Amino acid sequence: MNHDVRLQALSAFLKNQRSKISPESVGLPAGSRRRTPGLRREEVSQLAGVSTTWYTWLEQGRDIQVSHSVLDNIASALKLTADERKYLFSLGLDYHSELHILDEKPLQIHPSLQKILQELRNCPTIISDRRCHIVGWNDAARHVFMDFEQIPAEQRNMISLLFERKEFRRLAVNWEDFVSGFLAIFRAYYGQYVDDEWYNLFLDDMMDRYPDFQPLWKQSSVSSAPDVLIEFRHSRAGKMLFDLTSLQVQGNADLRCSIYTPATDTATERKLIRLMEPKVETDSDKS
35 MNHDVRLQAL
45 SAFLKNQRSK
55 ISPESVGLPA
65 GSRRRTPGLR
75 REEVSQLAGV
85 STTWYTWLEQ
95 GRDIQVSHSV
105 LDNIASALKL
115 TADERKYLFS
125 LGLDYHSELH
135 ILDEKPLQIH
145 PSLQKILQEL
155 RNCPTIISDR
165 RCHIVGWNDA
175 ARHVFMDFEQ
185 IPAEQRNMIS
195 LLFERKEFRR
205 LAVNWEDFVS
215 GFLAIFRAYY
225 GQYVDDEWYN
235 LFLDDMMDRY
245 PDFQPLWKQS
255 SVSSAPDVLI
265 EFRHSRAGKM
275 LFDLTSLQVQ
285 GNADLRCSIY
295 TPATDTATER
305 KLIRLMEPKV
315 ETDSDKS
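Per this note's numbering, residue 35 is the first one in the sequence shown, and the count goes up by one each step.
Shown next, in the form of structure tokens:
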């Protein structure tokens with residue numbers, strides 16, 4: 035991410051987070067003349083202990099000196115989570131990631147990780163890299179989502195597939211919430227790898243191709259591991275409820291393991307097992 039783009043990303047993030055904080059939640063009067071939701075700039079600067087002019091320049095994306103302590107105060111004023119703080123510091127202090135360029139060669143999943151995939155028989159599981167490219171999946175994921183093997187490797191990006199493929203739009207009962215979880219992960223990577231120009235090119239492409247991407251991206255939070263309950267309406271299995279657990283895989287490849295565990299006290303696991311049963315070929319199928 036070049037310097038100007040980084041500052042623009044910081045500006046957009048600060049504005050978005052400020053709009054989410056109600057005055058009452060930080061002990062300020064609501065007032066009756068607020069034209070936009072959230073806090074005013076002068077209120078954020080008051081809470082953070084900085085001048086309104088300085089904070090305005092920061093939010094406008096100007097190239098000014100920023101210290102760790104001041105950013106910490108701003109993070110507290112905006113009630114940022116741990117992941118959001120990390121994102122703010124990556125952009126505000128221009129942290130440089132150690133990994134500048136991702137090897138374009140197809141990643142080879144370690145046999146131990148492949149074994150884990152196979153053992154999670156009744157839990158749809160997807161392995162993705164820091165660009166959200168899908169590099170591995172198990173049979174349960176193939177049955178619930180789609181057969182990723184039928185998609186060219188260079189097109190197996192989870193973010194773009196969510197917007198491109200009708201299967202995903204039909205599958206998730208609340209598609210926007212489903213997408214928001216992945217965008218939160220993607221934004222966490224975006225802040226971490228500030229030197230990888232691929233992210234900006236990808237985001238520009240997504241905004242050009244999908245009109246509904248930009249508002250969702252703008253509203254997205256930052257989370258390295260969202261933990262959510264997702265409801266699917268599968269075309270063959272019907273209603274299915276999964277708890278999504280997202281885990282970082284140790285190693286230089288920076289892989290992520292997304293595990294969809296059938297919700298307890300539901301028929302989801304039974305439906306999944308039935309869905310994966312081999313189809314019995316009848317005499318009519320043979321003729």
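Cβ coordinates follow ideal geometry from the N, Cα and C atoms, glycine included.
All values derive from a computational prediction rather than experimental measurement.
By a beta-carbon distance limit of 8 angstroms, Asp-117 does not contact Ser-280. Their separation comes to about 12 angstroms. As the crow flies, the alpha-carbon of Asp-173 is around 25 angstroms from that of Phe-220.
In chain order, His-177, Val-178, His-268, Arg-270, Ala-271 place their CB closer than 8 angstroms to the CB of Leu-309, counting only its own chain and leaving out the 5 sequence neighbours on each side. With 16 or more neighbouring CB atoms inside 10 Å of its own CB, Ser-292 falls in the buried class.
For Met-192, no beta strand (DSSP E) run applies; the uninterrupted alpha helix (DSSP H) run containing it begins and ends at 192-198, by DSSP. For Arg-267, there is no enclosing alpha helix (DSSP H); the residue is part of the beta strand (DSSP E) that begins and ends at 262-268.
Residue state for Met-240 is assigned as helix, using DSSP reduced to three classes.
The alpha-carbon of Arg-290 is positioned some 28 angstroms away from that of Leu-41.
In the displayed model, Thr-302 falls within a helix according to three-state DSSP. As the crow flies, the alpha-carbon of Glu-93 is around 35 angstroms from that of Val-283. When the five nearest sequence neighbours on each side are left out, the beta carbons in the same chain lying within less than 6 angstroms of the beta carbon of Met-240 are those of Phe-247, in order along the chain. The C-beta distance from Pro-260 to Leu-237 rounds to 20 angstroms, too long to fall under 8 angstroms, and the pair is not in contact. Excluding the 5 residues flanking it on each side, Leu-205 has same chain C-beta neighbours closer than 6 angstroms at Phe-266, in chain order.
In this structure, the straight-line span from the alpha carbon of Leu-195 to that of Phe-216 is close to 11 angstroms.
Asp-38 has its alpha-carbon roughly 35 angstroms from the corresponding atom of Gly-61. Of all alpha-carbon atoms in Lys-305, Pro-71, Ser-124, the one lying nearest the alpha-carbon of Gln-226 is that of Ser-124.
Counted as a single uninterrupted DSSP element, the beta strand (DSSP E) harbouring Asp-277 occupies residues 272-283. Residue pairing of Arg-52 in beta bridges, as defined by DSSP: absent, with no partner found. DSSP, reduced to helix, strand and coil, places Ile-219 within a helical segment of the structure shown. For the set Asn-50, Pro-71, Leu-44, the Cα lying nearest the Cα of Ser-56 is the one of Pro-71. His-167 carries a strand assignment under DSSP once its states are collapsed to helix, strand and coil. Closest option to Ala-43, judged by alpha-carbon separation, among Ser-85, Gly-95, Ser-79, Tyr-89: Gly-95.
In this structure Arg-75 touches Thr-86 by the C-beta definition: roughly 6 angstroms separates them, less than 8 angstroms.
Secondary structure at Leu-289: strand, using DSSP grouped into helix, strand and coil. The residues Glu-93, Gln-94, Gly-95, in chain order, have a CB closer than 7 angstroms to that of Ser-45 in the same chain once the five nearest residues on each side in sequence are set aside.
Check the Cα spacing between Leu-127 and each of Val-104, Ser-110, Asp-181, Thr-159: the tightest is with Val-104. One alpha carbon belongs to Ala-109, the other to Thr-300, and they sit about 40 angstroms apart.
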